[in-house]
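Everything below concerns the one structure shown next.
Numbering (the numbering used here), first residue to last: 62 to 226.
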């Protein structure tokens, strides 16, 4: 807290005024020096700036190419999926058409055999015949609850009949 009776000496009172005047006088001199001659940037700094600009430009081009390529890939994937959907809808329509034709001609329509099966092992390893064990090994069904996809042909159907419980 300031006391009203404290009187500052004359030197201390003049010092803040001199400090305020000094920067004001220095600023025009510094402005004149900067406007007249500028210090050139170091060569290494200029090279670094140039290489960074080149790298930035290359990255921008690469990113644009990647975005374009991803867009084309997504379009291709979508078209492929559309083709599969169309194909499966056509198969369903054909199946219905064949069944109706057979019914109208007082016959039966037998759908084609499946080409793929999922086989699961449901029996353990105790008391398994050697032939059955070998077939299960060939089918890669070594543990209980293992499952594999099997392409169905005459040989695999025969093997599955031999190992069925």
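From the three backbone atoms N, C-alpha and C, an ideal C-beta is built for every residue, glycine too.
- It is roughly 39 Å from the alpha-carbon of residue 145 to the alpha-carbon of residue 119.
- Of the other Cβ atoms in all chains shown, 16 or more fall within 10 Å of the Cβ of residue 224; this residue is therefore buried.
- Going by beta carbons, residue 182 and residue 199 fall outside the 8 Å limit.
- Annotation for residue 141: no residue places its beta carbon closer than 6 Å to its own, counting only its chain and skipping 5 residues before and after.
- Boundaries of the beta strand (DSSP E) around residue 180: 177 to 181.
- Counted as a single uninterrupted DSSP element, the stretch harbouring residue 210 is not any alpha helix (DSSP H) but the beta strand (DSSP E) occupying residues 208 to 212.
- The count of Cβ pairs closer than 8 Å, one atom from the region 166 to 185 and one from the region 202 to 213, reaches three, so the stretches are in contact.
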